[in-house]
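Here the structure comes first, spelled out in structure tokens, and everything after it is commentary.
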Amino acid sequence: MAGLRESWRLAAMRTIQERALDLFDERGFAPVKIEDVAEAAGVSPSSIYRYFGTKEGLIVADEFDTWGQETIETVLDGRDPVGSLIEAVVAYEAPRTSAGDSVNPSADIPWRRIRYFFTEPSVRLAAQASLDRASQLIVPILASSAALSPTQARVAANSLAFGYFACLEQWYLDDRARPIAWYVEEGLRPLRELSQK
Numbered sequence: 001m002a003g004l005r006e007s008w009r010l011a012a013m014r015t016i017q018e019r020a021l022d023l024f025d026e027r028g029f030a031p032v033k034i035e036d037v038a039e040a041a042g043v044s045p046s047s048i049y050r051y052f053g054t055k056e057g058l059i060v061a062d063e064f065d066t067w068g069q070e071t072i073e074t075v076l077d078g079r080d081p082v083g084s085l086i087e088a089v090v091a092y093e094a095p096r097t098s099a100g101d102s103v104n105p106s107a108d109i110p111w112r113r114i115r116y117f118f119t120e121p122s123v124r125l126a127a128q129a130s131l132d133r134a135s136q137l138i139v140p141i142l143a144s145s146a147a148l149s150p151t152q153a154r155v156a157a158n159s160l161a162f163g164y165f166a167c168l169e170q171w172y173l174d175d176r177a178r179p180i181a182w183y184v185e186e187g188l189r190p191l192r193e194l195s196q197k
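Numbering (full-length UniProt numbering), first residue to last: 1 to 197.
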């Protein structure tokens, strides 16, 4: 039953996020209030605060942002952190399909979200705070799997998380010239040495 509840929660979050992005695209980020998003999504403002915390969270939150230690451990291989991150990005980036195998309209959500990371300063700060939380979860994985010292694991985890953000920024600056995964692989190539230790 927990799996069904989690699926429902993620679907509700995606719907709220899509309505928020519709409003932000139409009116701009600053003028839209949480109450506007709640009305458009047919939920209460308290539901939005419970799921996302802030208006910036409406943009920043995704499957990666809600990961806990257990989820990170199943996705990130400490022996090949760059390769496993690329695999996760490819899986996330793949067009989502419905039961009828038609492409889900939410497939363009990454572009709609990510461009706000680089056009709205408060969203950029929220994204960086999310990356900081993720890097804290990555540290113990790298320390144990890659046989790094605590200092090396912390530096490597931050390099991985914030390097990923730099790859997203280049993807945005290049106006989506290639898939996100290409930028992640290209940008994080120097960090591949982590898996060679």
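A virtual CB, placed ideally from N, CA and C, is assigned to each residue, including glycine.
Just so it is clear, the structure is predicted and the values come from calculations on it, not from any experiment.
Do you know offhand how far residue i's Cα is from residue j's?
{"i": "Ala12", "j": "Gly42", "result": "10 angstroms"}
{"i": "Ser149", "j": "Leu142", "result": "9 angstroms"}
{"i": "Ile138", "j": "Val123", "result": "23 angstroms"}
{"i": "Ser145", "j": "Tyr92", "result": "24 angstroms"}
{"i": "Asp108", "j": "Ile48", "result": "22 angstroms"}
{"i": "Ala147", "j": "Glu73", "result": "16 angstroms"}
{"i": "Thr151", "j": "Leu160", "result": "14 angstroms"}
{"i": "Glu26", "j": "Trp111", "result": "16 angstroms"}
{"i": "Pro30", "j": "Pro121", "result": "Going by the sequence as given, residue 30 is Ala instead of Pro. When rounded, the distance between both Cα atoms is 11 angstroms."}
{"i": "Asp22", "j": "Asp36", "result": "11 angstroms"}
{"i": "Ser44", "j": "Gly28", "result": "21 angstroms"}
{"i": "Ile180", "j": "Ala157", "result": "20 angstroms"}
{"i": "Thr54", "j": "Leu125", "result": "12 angstroms"}
{"i": "Glu6", "j": "Ala38", "result": "20 angstroms"}
{"i": "Phe24", "j": "Arg50", "result": "20 angstroms"}
{"i": "Ala94", "j": "Ser46", "result": "32 angstroms"}
{"i": "Asp132", "j": "Ala40", "result": "31 angstroms"}
{"i": "Arg178", "j": "Gln170", "result": "10 angstroms"}
{"i": "Leu76", "j": "Val89", "result": "11 angstroms"}
{"i": "Leu10", "j": "Gly3", "result": "11 angstroms"}
{"i": "Arg154", "j": "Trp8", "result": "35 angstroms"}
{"i": "Val32", "j": "Tyr172", "result": "23 angstroms"}
{"i": "Arg113", "j": "Ala127", "result": "11 angstroms"}
Going by Cα to Cα distance, which pick from the options is closest to residue i?
{"i": "Leu168", "options": "Tyr49, Leu137, Thr119, Ser145", "result": "Thr119"}
{"i": "Asp175", "options": "Leu76, Arg115, Asp77, Pro31", "result": "Arg115"}
{"i": "Gly163", "options": "Asp22, Trp111, Val90, Ser135", "result": "Ser135"}
{"i": "Ile34", "options": "Phe165, Phe52, Ser7", "result": "Phe52"}
{"i": "Phe117", "options": "Ala166, Pro179, Pro190", "result": "Ala166"}
{"i": "Arg189", "options": "Ile86, Glu56, Ala40", "result": "Ile86"}
{"i": "Ser130", "options": "Arg5, Ala40, Glu56", "result": "Glu56"}
{"i": "Arg192", "options": "Ala40, Gly78, Leu10", "result": "Gly78"}
Query raised in the report: Taking three-plus beta-carbon pairs below 8 angstroms as touching, is the region 44 to 61 in contact with the region 10 to 17?
Result: Taking a contact to require three or more Cβ pairs closer than 8 angstroms, the region 44 to 61 and the region 10 to 17 qualify as touching.
Query raised in the report: Just checking, does the region 74 to 93 make contact with the region 172 to 186 on the three C-beta pairs under 8 angstroms criterion?
Result: Because the criterion of three Cβ pairs below 8 angstroms is met, the region 74 to 93 and the region 172 to 186 touch.
**Report entry** In chain order, each alpha helix (DSSP H) run of at least 4 residues that lies wholly inside the region 108 to 194
**Finding:** Here the runs fully enclosed are 109 to 117, 121 to 145, 150 to 173, 180 to 188.
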